[in-house]
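Residue numbering for the sequence shown is -4 to 221, as defined by our numbering.
The beta carbon of each residue, even a glycine, is placed where N, CA and C say it ideally should be.
Please read all numbers here as calculations on a predicted model, not as lab measurements.
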Amino acid sequence: MKNYTANNSASFNEQDFEKYINENAELIISSVNKHYENLEANKGTVRVEKLKELEKEIFSSKHDPFIGNENAKIRVVEFFDYNCGYCKKVYPTILKLNKEFENVKIVFKEMPILGAPSLVKSKVSLAAFHVKPEKYIEAHGKIMNHRGQLNTVEDVANLLQSLGYDKDELIKKAESEMIANALEENKKLAFKLQVSGTPAFIVEDEFVDGAISFDGLKALVNKKIK
């Protein structure tokens, strides 16, 4: 009778497993792909259900900055982070969309996921909207396009003084409970909608994860208009 050690047994199993993989590679790949397709399909189903349930929070939260027609029939939402390179790249796309479509509301959802500097920028940006709503898009652009470090609330407030904002007023608002609640609301909403990265877009009932070209975004908007 032969006695096999644990190592011998493990070695045999590893060899057998490797042989199985080599002989069934296509089947395994197909199975993995199918699994991910099922995950994405389930994700899509959950999102559609949540869109109906959370419509007000998504499109009409009193905390969220927006541009365009407040009562527009077509609504576009962007989840973004000021330190996200792809968010910076799609910023001109958002401006172009706003210019081309008069009857589209574009909502900005702050989603500071890239560390403390992202958080302070989001806090001051939201404060800027609530202090001077008419100046928000300029403030948003100034923060988005800034090159260099902005590590504190004071740094960002200093940057926006050139737009006519009072630094102390911005800092006070940025550190308020209202702004903290707004960011927490966005965080919870992103979790419910399974939004885990930036940028992410919602065009009425459709989701886009990641950056999108102007033509792609325009096509989605036109699709909803029709």
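| Under 8 Å between C-beta atoms of LYS213 and GLU199 | no
| task | Apply the 10 Å Cβ neighbour rule to GLY159 and answer buried if 16 or more other Cβ atoms are within range, or exposed otherwise. | result | Counting Cβ neighbours within 10 Å, GLY159 comes out exposed, since fewer than 16 surround it.
| field | Endpoints, the beta strand (DSSP E) within which ILE108 is located | value | For ILE108, there is no enclosing beta strand (DSSP E), as DSSP marks it with neither H nor E.
| query | In or out: PRO230 buried (at least 16 other Cβ within 10 Å) or exposed? | reply | The structure shown does not extend to residue 230, since the chain is modelled only from -4 to 221, so the question has no answer here.
| field | Rounded straight-line distance, which links the Cα of HIS58 to that of ALA177 | value | 6 Å
| Smallest Cα separation from ASN153: which of ALA195, LYS91, SER120 and VAL72? | Looking at ALA195, LYS91, SER120 and VAL72, the one whose alpha-carbon comes closest to that of ASN153 is SER120.
| query | Does the distance from the CB of ASN222 to the CB of GLU97 come in under 8 Å? | reply | Lying outside -4 to 221, the shown extent of the chain, residue 222 is not represented and no answer is given.
| task | Helix, strand or coil for PHE96, going by three-state DSSP, please let me know. | result | Note: PHE96 maps to coil in three-state DSSP.
| query | In three-state DSSP terms, what is GLY211? | reply | Residue state, collapsed to three classes: helix.
| query | What is the DSSP secondary structure of ARG42, counted as helix, strand or coil? | reply | helix
| message | Which residue wins for smallest C-alpha separation from VAL71, given the options TYR86, MET106, ILE101 and GLN189? | response | ILE101
| task | May I ask which residues mark the beginning and end of the beta strand (DSSP E) holding VAL198? | result | 195 to 198
| message | Does TYR31 come out as helix, strand or coil in the three-state DSSP assignment? | response | Reliability of the predicted coordinates at TYR31 is poor, the pLDDT of 46 falling under 50, and the value obtained from them is presented with this limitation in mind. In this structure, TYR31 counts as helix in the three-state DSSP scheme.
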